[in-house]
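Residue numbers (our numbering): 26 to 185.
Have a look at this one:
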């Protein structure tokens with residue numbers, strides 16, 4: 026959210042962060058961007074352009090929730106294509122990383138030739154499967170990997 030605000034300000038937009046309890050109280054903005062979290066959130070002021078940005082938990086988003094927004098941005102091209110079959114207001118916008126905030130400060134404890142950080146909610150992620158099939162010595166950090174890949178590839182649940 027902070028990086029989105031920063032990027033908007035760089036191109037001359039006025040922007041601020043409101044948390045859910047204050048969101049519908051904003052008076053001066055023309056556009057509301059909701060970065061979807063765990064729970065659905067429905068904007069009440071439809072005189073503004075209301076944008077929903079979804080980067081995860083795609084299976085928790087209902088058609089009704091999508092219909093409440095003027096524009097829906099989706100961080101997965103595959104999911105965006107699926108949603109576009111039912112909704113004309115869906116666009117693919119890749120997730121982004123601010124390299125000023127997230128940068129590779131070298132720490133030998135975390136040195137890996139091939140690193141994957143992410144959870145295995147619905148099974149082995151395709152990129153992890155491809156790495157293993159290619160014989161790469163991948164290091165995996167995340168939840169729900171036990172029993173899905175060999176233990177030797179699982180390096181931890183969380184990576185600072």
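By construction, the Cβ of each residue, glycine as well, lies at the ideal position given by its N, Cα and C atoms. As the structure is a prediction and not an experimental result, all values here were calculated from the model.
What does a CB cutoff of less than 7 Å around residue i pick up in its chain, not counting 5 residues either side in sequence?
i           : result
residue 34  : 40
residue 126 : 28
residue 180 : 164, 165 and 166
residue 149 : 173 and 174
residue 137 : 164
residue 143 : 150 and 167
residue 37  : none
What does a CB cutoff of less than 8 Å around residue i pick up in its chain, not counting 5 residues either side in sequence?
i           : result
residue 42  : 26, 27 and 30
residue 55  : 73 and 74
residue 60  : 26, 29, 78 and 80
residue 156 : 139, 141 and 163
residue 159 : none
On the DSSP bridge assignment, give the partners of residue i in chain order.
i           : result
residue 57  : 75
residue 139 : 163
Would a C-beta distance cut-off of 8 Å place residue i and residue j closer than the cut-off?
i           : j           : result
residue 153 : residue 141 : yes
residue 145 : residue 173 : yes
residue 120 : residue 91  : no
residue 100 : residue 118 : yes
residue 68  : residue 57  : yes
residue 184 : residue 135 : yes
Between residue i and chain D, is the shortest Cβ-Cβ distance under 8 Å, so that the two count as touching?
i           : result
residue 138 : Of the protein chains in the structure, only one exists, and it is not chain D.
Which same chain residues end up closer than 6 Å to residue i when comparing Cβ atoms and leaving out the 5 residues on each side of it in sequence?
i           : result
residue 94  : 75 and 77
residue 182 : 168
residue 85  : none
residue 97  : 77, 91, 114 and 115
I'd like the ranges of any alpha helix (DSSP H) spanning at least 4 consecutive residues and lying wholly in the segment 145–182. Counting whole runs of 4 or more residues, the segment 145–182 contains the alpha helix (DSSP H) stretches 151–158.
Start-end ranges of the alpha helix (DSSP H) lying completely within the segment 65–123, minimum 4 residues: Listed in chain order, they are 88–92 and 102–109.
Between the segment 130–140 and the segment 94–111, can you find at least three pairs of beta-carbon atoms closer than 8 Å? No contact exists between the segment 94–111 and the segment 130–140.
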